[in-house]
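Beneath this line is the structure, given in structure tokens, with notes to follow.
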Amino acid sequence: MRDDQIEGIGYFVDLQPETEDFLATVLDGLSQQQKSIPPKFFYDAKGSKIFDQICEAPEYYVTRTEIALMNEIAGEIN
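Laid out in structure tokens, this is it:
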């Protein structure tokens, strides 16, 4: 993340991860026996907002079902 002052505008805050952080995180995830990439790298801000809207839509049952299942069996998970 960078915080730069831009003449005539003020401050610009870049929330994108630094390239080195992104690369290190992805390489670390892919070097594990169980490969993974953190979901924070899947979407930009607009894509994340759209995904949140999809998850809240009445037609999208997956999130509600997952929450209901977790509430139902949470006591059984150690």
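Numbering (this note's numbering), first residue to last: 410 to 487.
Using N, Cα and C, we set each Cβ at its ideal position, and we do this for glycine too.
Under 9 Å, do residue i and residue j count as touching if we go by C-beta distance?
| i | j | result |
| --- | --- | --- |
| PHE489 | THR434 | The shown model of the chain, from 410 to 487, leaves out residue 489, and the question about it has no answer. |
| GLY438 | PRO447 | yes |
| GLU465 | THR472 | yes |
Nearest-angstrom Cα distance between residue i and residue j?
| i | j | result |
| --- | --- | --- |
| TYR470 | GLU429 | 37 Å |
| GLY484 | GLU475 | 15 Å |
DSSP on residue i, reduced to helix/strand/coil?
| i | result |
| --- | --- |
| GLU427 | coil |
| GLU468 | coil |
| PHE451 | coil |
| LYS458 | helix |
| ILE494 | As displayed, the chain neither begins before 410 nor continues past 487, which places residue 494 out of reach and without an answer. |
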